[in-house]
Amino acid sequence: LAKTTQPISMDSYEGQEVNITCSHNNIATNDYITWYQQFPSQGPRFIIQGYKTKVTNEVASLFIPADRKSSTLSLPRVSLSDTAVYYCLVGDAPYNNNDMRFGAGTRLTVKP
Amino acid sequence: NAGVTQTPKFQVLKTGQSMTLQCAQDMNHEYMSWYRQDPGMGLRLIHYSVGAGITDQGEVPNGYNVSRSTTEDFPLRLLSAAPSQTSVYFCASSSRDRPGELFFGEGSRLTVL
Numbered sequence: 294l295a296k297t298t299q300p301i302s303m304d305s306y307e308g309q310e311v312n313i314t315c316s317h318n319n320i321a322t323n324d325y326i327t328w329y330q331q332f333p334s335q336g337p338r339f340i341i342q343g344y345k346t347k348v349t350n351e352v353a354s355l356f357i358p359a360d361r362k363s364s365t366l367s368l369p370r371v372s373l374s375d376t377a378v379y380y381c382l383v384g385d386a387p388y389n390n391n392d393m394r395f396g397a398g399t400r401l402t403v404k405p
Numbered sequence: 000n001a002g003v004t005q006t007p008k009f010q011v012l013k014t015g016q017s018m019t020l021q022c023a024q025d026m027n028h029e030y031m032s033w034y035r036q037d038p039g040m041g042l043r044l045i046h047y048s049v050g051a052g053i054t055d056q057g058e059v060p061n062g063y064n065v066s067r068s069t070t071e072d073f074p075l076r077l078l079s080a081a082p083s084q085t086s087v088y089f090c091a092s093s094s095r096d097r098p099g100e101l102f103f104g105e106g107s108r109l110t111v112l
């Protein structure tokens, strides 16, 4: 069962790029890396998923080194509305041996 | 599209009462699941279903029952509510092609007195 470690909290300012790193030393060959965003009183929202190298979409980029033991979610030019909790999940599906567990996440606070 | 719809949004129960949290999705997703989230914690998987007629236990299944008679609906039943079940409950769905891309409902906040 792959486990993840990510910072409990981070602070940033509007307009800055934010990088949140997640460690997953025992990631398995079939595992993907998936990031979710959660605002207060809402369900988590899928941000991005990747297997290796770099993935980019309209919201974020995901950087995965060759050994895949860590990953970095990059949010370009954050705004106040990016204040949320960000979860890093590792696994090939949510329901294989209860894989892809949600940890406590990283609470990002964006300041003006 | 409505996505994933949960009802009710808020509910207060007394210890020992029973109730059902409803979840419906209109995306024709094969996979559906229920999570609970306690203050300051991540989500924990209660039960899940990989298709109509198939359900299985997650990380914290005790005190909860589920059934999946249709692709669209996945109700969560509390047979005898306990204060420890006070939590926010989220229903999620995903497709077989992209099982890790979960779509969540807005949540149901349950208080058991």
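Residue numbers (our numbering), protein chains in the order written: chain A, 294 to 405; chain B, 0 to 112. Ideal Cβ positions, reconstructed from N, Cα and C, are used throughout, including at glycine. In this text the structure is predicted, and so the values were computed from the model without any measurement.
Can you tell which of the options has its C-alpha closest to the C-alpha of residue i?
| i | options | result |
| --- | --- | --- |
| H46 (chain B) | A:Y329, A:M393, A:Y388 and A:F395 | A:Y388 |
| V59 (chain B) | B:T19, B:H28, B:L75 and B:G15 | B:L75 |
| D96 (chain B) | A:D385, A:D392, A:M393 and A:R394 | A:D385 |
| L12 (chain B) | B:E71, B:L77 and B:T70 | B:L77 |
| W328 (chain A) | A:N319, A:V352, A:Q309 and A:E307 | A:V352 |
| I340 (chain A) | B:E100, B:I53 and B:G41 | B:E100 |
| I92 (chain B) | A:M303, A:F332, A:E310 and A:G336 | Per the sequence shown, the amino acid found at residue 92 (chain B) is Ser instead of Ile. S92 (chain B) has its Cα closest to that of A:G336, out of A:M303, A:F332, A:E310 and A:G336. |
| L368 (chain A) | A:N312, A:M393 and A:G398 | A:N312 |
| I357 (chain A) | A:T346, A:L366 and A:N350 | A:T346 |
| L20 (chain B) | B:S94, B:E29, B:Y34 and B:H28 | B:Y34 |
| L366 (chain A) | A:M393, A:F395, A:G343 and A:L373 | A:G343 |
| D72 (chain B) | B:V65, B:T6 and B:C22 | B:C22 |
| P98 (chain B) | A:I320, A:S302, A:I326 and A:E307 | A:I326 |
| D333 (chain A) | A:P405, A:L382, A:D375 and A:C381 | Residue identity check: residue 333 (chain A) is Pro in the sequence provided, not Asp. If we check each option's Cα against that of P333 (chain A), A:D375 comes out closest. |
| V111 (chain B) | B:Q5, B:T85, B:Q24 and B:G41 | B:T85 |
Where does the unbroken beta strand (DSSP E) through residue i begin, and where does it stop?
| i | result |
| --- | --- |
| S94 (chain B) | Neither: S94 (chain B) is in no beta strand (DSSP E) and is coded neither H nor E. |
| R76 (chain B) | L75 to L77 |
| V383 (chain A) | A377 to G384 |
| S354 (chain A) | S354 to I357 |
| E18 (chain B) | It should be pointed out that residue 18 (chain B) corresponds to Met in this sequence rather than to Glu. Unbroken beta strand (DSSP E) run through M18 (chain B): M18 to Q24. |
| V65 (chain B) | Y63 to V65 |
| Q342 (chain A) | R338 to G343 |
| S68 (chain B) | From DSSP, S68 (chain B) is part of no beta strand (DSSP E); its letter is neither H nor E. |
| S374 (chain A) | That residue, S374 (chain A), is in no beta strand (DSSP E); it is neither H nor E in DSSP. |
| M31 (chain B) | Y30 to Q36 |
| R108 (chain B) | S107 to V111 |
| T4 (chain B) | V3 to T6 |
| F9 (chain B) | F9 to L12 |
Since residue i sits in a beta bridge, which residues does DSSP pair it with?
| i | result |
| --- | --- |
| S316 (chain A) | A:T298 and A:S363 |
| V348 (chain A) | A:L355 |
| M303 (chain A) | A:L401 |
| G50 (chain B) | B:I53 |
| I326 (chain A) | A:G343 and A:V383 |
| Y88 (chain B) | B:R35 and B:S107 |
| F332 (chain A) | BP columns for F332 (chain A) are empty, so no partner. |
| F102 (chain B) | A:R338 and B:S92 |
| R43 (chain B) | B:R35 |
Since residue i and residue j are thought to touch, with beta carbons under 8 angstroms apart, how far apart are those beta carbons, to the nearest angstrom?
| i | j | result |
| --- | --- | --- |
| Q307 (chain A) | S354 (chain A) | Position check: residue 307 (chain A) holds Glu in this sequence, whereas Gln was assumed. That pair is no contact at about 19 angstroms. |
**Item:** Interface positions of the stretch 22 to 44 of chain B facing chain A (Cβ-Cβ less than 9 angstroms), listed along the chain
**Value:** Y30, S32, Y34, Q36, G39, M40, G41, L42, R43 and L44
**Prompt:** When you check each C-beta in the stretch 331 to 353 of chain A against every C-beta of chain B, which residues fall closer than 9 angstroms?
**Reply:** Q331, S334, Q335, G336, P337, R338, F339 and Q342
**Request:** Give, in chain order, every residue of the stretch 354 to 380 of chain A whose Cβ lies closer than 9 angstroms to some Cβ of chain B.
**Result:** V378 and Y380
**Item:** Residues, ordered as in the chain, of the stretch 6 to 17 of chain B that lie near chain A by beta-carbon distance below 8 angstroms
**Value:** Flagged: no residues at all.
**Request:** Mind checking the stretch 71 to 93 of chain B against chain A and listing, in chain order, the residues whose C-beta falls within less than 9 angstroms of any C-beta there?
**Result:** Within the stretch 71 to 93 of chain B, the residues whose Cβ lies closer than 9 angstroms to some Cβ of chain A are V87, F89, C90, A91 and S93, listed in chain order.
**Item:** Interface positions of the stretch 54 to 72 of chain B facing chain A (Cβ-Cβ less than 8 angstroms), listed along the chain
**Value:** Of all residues in the stretch 54 to 72 of chain B, D55, G57 and E58 have a Cβ within less than 8 angstroms of some Cβ in chain A.
**Request:** With 8 angstroms as the C-beta to C-beta threshold (strictly closer), list the residues of the stretch 386 to 402 of chain A near chain B in chain order.
**Result:** Result list: A386, P387, Y388, N391, M393, R394, F395, G396, A397 and G398.
**Request:** Give the residues from the stretch 95 to 107 of chain B that approach chain A closer than 7 angstroms (Cβ to any Cβ), ordered along the chain.
**Result:** P98, G99, E100, L101, F103, G104, E105 and G106
**Asked** For the stretch 299 to 316 of chain A, which residues have a beta carbon sitting closer than 8 angstroms to at least one beta carbon of chain B?
**Response** none
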